[in-house]
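Comments concern the structure below.
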Ligand SMILES: [Zn+2]
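In my numbering, the protein residues as written are -16 to 306.
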């Protein structure tokens, strides 16, 4: 991972702050519950007193056995559970809640970086921190068919079903998607829907426009004309290794021998590593085949599911307020 020590420290501080925030949130929730239901506070106090009594009994006469402590604690807990039910308070209200329950907002599981940490590094390195915000608004649950007429609607429905299956089978099968269609018919929206699902599953997602992708590779290229696999892998490992790479707007980059070679390198390496890629483009499948090299075209034909969307510009329709 190519992350500076300062960046690493700043991410770790975020985790520390998140845990503090979780504590504050819990204290606030608890206080509200106590204010409304003093009997819950009382039982919590009894639980805490019991623990103190057990601890101090070691140094005083009348030692409380562990069994006795356990039994008493279990009784109190059952009593509390019944009380919470009676007051209609979900037990998790009085427990810590985590942004990432897998690592409990520590960033690590058994000394290994948690998926949330790995994704955080990608967000930092490739400046895609705003992705989460976008995905809150653009995901399968906010998808609308309102702006499609009948024929285009059917195509869109097929595309959505295919994309949903892609996310559902992400762990089981190696699949790639090529989303083709003109500007403003929902390709980026659909890419975002997929990104959200895959991130929610705990996988890493790197989202780059074709322009950004080739720009990164060009910055990294020391040899001039051809991007080198090992130097890209060293400098920007996630281009090859992220669980899902989304290349948005293929075809808008400057077409030259460098980008041709770079594009082949990326899709070929990812196929070899069995890492899924989603490409969205305004080019038609035929144009892709003629724009890029033959070996690139052949990789795409044999490894990608092509989805062709059609229709008129939805963004324009939305602006005009419908049809
Ligand atoms: Zn985590």
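For each residue, glycine too, the CB sits at the ideal point set by N, CA and C.
Notebook entry, point to check: Listed in chain order, which residues are found with a beta carbon closer than 5 Å to a heavy atom of ligand 1?
Noted result: 83, 85, 86, 97, 99
Check: Unbroken beta strand (DSSP E) runs of length 3 or more, entirely within the stretch 197 to 265: which are they?
Finding: 227 to 233, 259 to 264
Next item on the list: To the nearest angstrom, report how far apart residue 41 and residue 26 are at their CA atoms.
Entry: 24 Å
Margin query: Rounded to the nearest angstrom, what separates residue 247 and residue 124 at their Cα positions?
Written below: 34 Å
Margin query: Could you check whether the stretch 95 to 108 touches the stretch 242 to 257, counting it as contact only if at least three pairs of C-beta atoms, one from each stretch, sit closer than 8 Å?
Written below: no
Note to self: Just verifying my parser: in three-state terms, what is the DSSP assignment at residue 94?
What the structure shows: coil
Next item on the list: Buried or exposed for residue 190, please, with buried defined as at least 16 other CB atoms from any protein chain shown within 10 angstroms of its CB.
Entry: buried
Check: So what does residue 159 bridge to, in DSSP terms?
Finding: 287
Notebook entry, point to check: Rounded C-beta distance between residue 56 and residue 30? I'm assuming under 8 Å.
Noted result: 7 Å
Notebook entry, point to check: Apart from the five residues on each side of it in sequence, which residues of its chain come closer than 8 Å, Cβ to Cβ, to residue 256?
Noted result: So the qualifying residues of the chain are 223, 224.
Next item on the list: Measure the alpha-carbon distance for residue 140 versus residue 169 and round it to whole angstroms.
Entry: 12 Å
Notebook entry, point to check: Would you say residue 213 touches ligand 2, meaning its beta carbon is less than 8 Å from a heavy atom?
Noted result: As far as ligands go, the structure on display features ligand 1 and does not contain ligand 2.
Next item on the list: Counting only the same chain and skipping the five closest in sequence on each side, list residues whose C-beta sits under 7 Å from that of residue 201.
Entry: 241
Margin query: Between which residues of its own chain and residue 228 is the CB-CB distance below 6 Å, once the five residues before and five after are set aside?
Written below: 189, 260
Notebook entry, point to check: With 16 as the cutoff for other CB atoms within 10 Å, does residue 45 come out buried or exposed?
Noted result: exposed
Next item on the list: Give a yes or no on whether the C-beta atoms belonging to residue 164 and residue 292 are separated by under 9 Å.
Entry: yes
Check: Are the Cβ atoms of residue 192 and residue 160 separated by less than 9 Å?
Finding: no
Margin query: Rounded to whole angstroms, what is the Cα-Cα separation between residue 58 and residue -4?
Written below: Distance between the alpha carbons of residue 58 and residue -4 is about 40 Å.
Checklist line | Residues sharing a beta bridge with residue 189, DSSP | finding: 228
Checklist line | Span separating the alpha-carbon of residue 127 from that of residue 72 | finding: Taking the straight line joining both Cα atoms gives about 35 Å.
Checklist line | Beta-carbon proximity check, residue 185 vs residue 93, cutoff 9 Å | finding: no
Margin query: Give me, in chain order, the residues of the same chain whose beta-carbon lies closer than 8 Å to that of residue 267; leave out the 5 immediate sequence neighbours on both sides.
Written below: In its chain, beyond the 5 residues on either side, 163, 291 have a beta carbon closer than 8 Å to the beta carbon of residue 267.
Checklist line | Beta-carbon spacing of residue 236, residue 172 below 9 Å | finding: no
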